[in-house]
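Engineer: Plus 3 on top of the position in the sequence shown (first one is 1) and you've got the numbering used here.
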Amino acid sequence: MNNTAERQREAPTSREIFIEAMARIPGPIAIITTGAGERRKGLTASALCSLSADHPSVIVCVNKTASAYDAIVSEGRFGMNIVGKWQKEIAKIFAQKGIDRFSKGTWYQSRNDVPLLAGAPVALACNLVEVVDGFSHSILIGAVDGVSLEDETSAQSSIVWLNRSFCPVS
Ligand SMILES: Cc1cc2nc3c(=O)[nH]c(=O)nc-3n(C[C@H](O)[C@H](O)[C@H](O)COP(=O)(O)O)c2cc1C
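This is how it looks when you write it as structure tokens:
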């Protein structure tokens, strides 16, 4: 087997190399929310994906030290607001400290009482069904209770997180 060149390119894993590798993988961006009124909490997340269509469910990985973590687990529900190009500034706010994260954008409560962002290309209202340990993070499994889809134009406004910046898809 002649794979010497490939093996030479492979570096042993370190935290830094892993972070650099993950930065090169494009991913969706969502604002994860929970609570109502003064109890609202949220964070920007990109470690998320669909889990199953039978039963409709999603996964998001949240750092256990995030200010919204305990609230998401104790409320037992969360909103997954996919960020399009018009919501970039709001996504930045939800990753910043010392700021009222709900000060920008129009927020409404879903049927299961989680904050959803008006105008998001896709907004999912989820009930937390399982919390799986993932080292520094927990893998939160959400059963999707409600789906809000914007029109086609908004769907085409999708952006991804790649090389530490927001990038248009097309
Ligand atoms: C584009 C982007 C993606 C992120 N993805 C995640 C994620 O998937 N999970 C996570 O726990 N934090 C993620 N973060 C970090 C959190 O948004 C941020 O650290 C957190 O809200 C700040 O912590 P605090 O709420 O304790 O202030 C991401 C940040 C950015 C800017």
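Beta carbons: idealized from backbone N, C-alpha and C, even for Gly.
1) Thr156 by DSSP, collapsed to three states: which one?
2) When you compare the CB positions of Val86 and Leu143, do they come within less than 8 Å of one another, or not?
3) Taking the runs of the beta strand (DSSP E) that are 3 residues or longer, which of them lie wholly in the stretch 57-95?
4) First and last residue of the alpha helix (DSSP H) that includes Gln11?
5) Beta strand (DSSP E) containing Glu133: first to last residue?
6) Say the cut is 7 Å; is the CB of Ser77 nearer than that to a heavy atom of ligand 1?
7) Is DSSP giving Ala26 helix, strand or coil here?
8) So the candidates are Trp164, Gly38, Val134, Ile162; which of them puts its Cα closest to the Cα of Val65?
9) Name the residue from Ile28, Pro15, Ser17, Asp116 whose alpha carbon lies nearest to the alpha carbon of Lys44.
10) Looking at Thr47: is its Cβ nearer than 8 Å to the Cβ of Ile28?
11) Use the C-beta contact count for Arg10: other C-beta atoms within 10 angstroms, 16 or more gives buried, fewer gives exposed.
12) For Leu51, does the count of other Cβ atoms within 10 angstroms reach 16, so buried, or fall short, so exposed?
13) Beta carbon of Ile142: closer than 7 Å to some heavy atom of ligand 1?
Structural biologist: Quick look at the numbers:
1) helix
2) no
3) 59-66, 80-85
4) 7-12
5) 125-137
6) no
7) helix
8) Val134
9) Asp116
10) no
11) exposed
12) buried
13) no
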